[in-house]
Every structure is written in structure tokens, then in C-alpha cells.
Amino acid sequence: MENPKVRIEKFDGTYFGFWKIQIEDCLYQNNLHEPLSGEKPETMKQEIWNLKNRKALGLICLTLSRNVAFNIVKKTTTVGLLTALVNMYEKPSAINKLDSTGYRTVFGRSS
């Protein structure tokens, strides 16, 4: 089965919820979802973890507009980048207020 090219519109600060769903799905399709948890699996070598984190970070940055990317340029981890974006752009809701322990809970999945 071929992996079709996925096109994600650059996130410009609007429709964050929709962009967040798309980027999560894209990370899973590319087997780059582990860095969403912020915790390296015990069985994974550190070099592999670092590479996956960097690839996920790069993939996410490629989907950000220049104005949004400017605000997160110093983030060096996937979870740090996404947490910063959630804090800047996600509108408060009852679900988000219940558990603010990190980005994992924003997607509602454990990686």
C-alpha cells in the first residue's frame, strides 16, 4: 500500500483544534508519535529517541506559518513545542481544565 502524500495547511494561529488533529495523525502515520509523551520508552536507544524527537519537531515546524514559528523558535523538544502551542492557541474548555499535566492529555491518548 502506498503512503499518500499528506498536505497540512500551515498553522497561522487560527483553527488550532483542527490543525492539532491533523498533526497528531501525521506523526502517527510517520511513526513519530512517541515524542508526544515526552518520555523515552525504556526499550528505545537514546540515539533513536533523539532522532525521532528531532524528526517530529521538524515535521511540526514545517506546518507552522512564519509568525507562529517565530514564537516557538527556542523549543528543542516535541512535547515542549506542542505544549507552548497549546498554551498560546488552545481555547480553554472543561476537558482542558480537568487535567493540565501536559501535552499527552491534550490529545486524549497515552503514547
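Each residue of the sequence shown is one higher than the one before, starting from 176 at the first, in our numbering.
Glycine residues also receive a C-beta, built at the ideal position from the N, C-alpha and C atoms.
Just to check my reading of the structure: ALA231 and THR253 have Cβ atoms closer than 8 Å, yes? What is that Cβ distance to the nearest angstrom?
With 8 Å as the limit, ALA231 and THR253 qualify as a contact, their Cβ atoms being about 4 Å apart.
Enclosing alpha helix (DSSP H) for GLY213 [first to last residue]:
For GLY213, no alpha helix (DSSP H) segment is defined, and its DSSP state is neither H nor E.
Output yes or no for whether 8 Å exceeds the beta carbon distance between LYS195 and LEU239.
The Cβ-Cβ distance between LYS195 and LEU239 does not fall below 8 Å.
Taking TYR190 as part of the alpha helix (DSSP H), name the residues at either end of that continuous run.
Where TYR190 is concerned, there is no enclosing alpha helix (DSSP H), given that its DSSP letter is neither H nor E.
Within this structure, are the beta carbons of PRO216 and GLU222 separated by less than 8 Å?
Result no, Cβ atoms of PRO216 and GLU222 do not sit closer than 8 Å.
Going straight from the alpha carbon of LYS266 to that of ASN228, what length do you get?
For LYS266 and ASN228, the distance between alpha carbons rounds to 26 Å.
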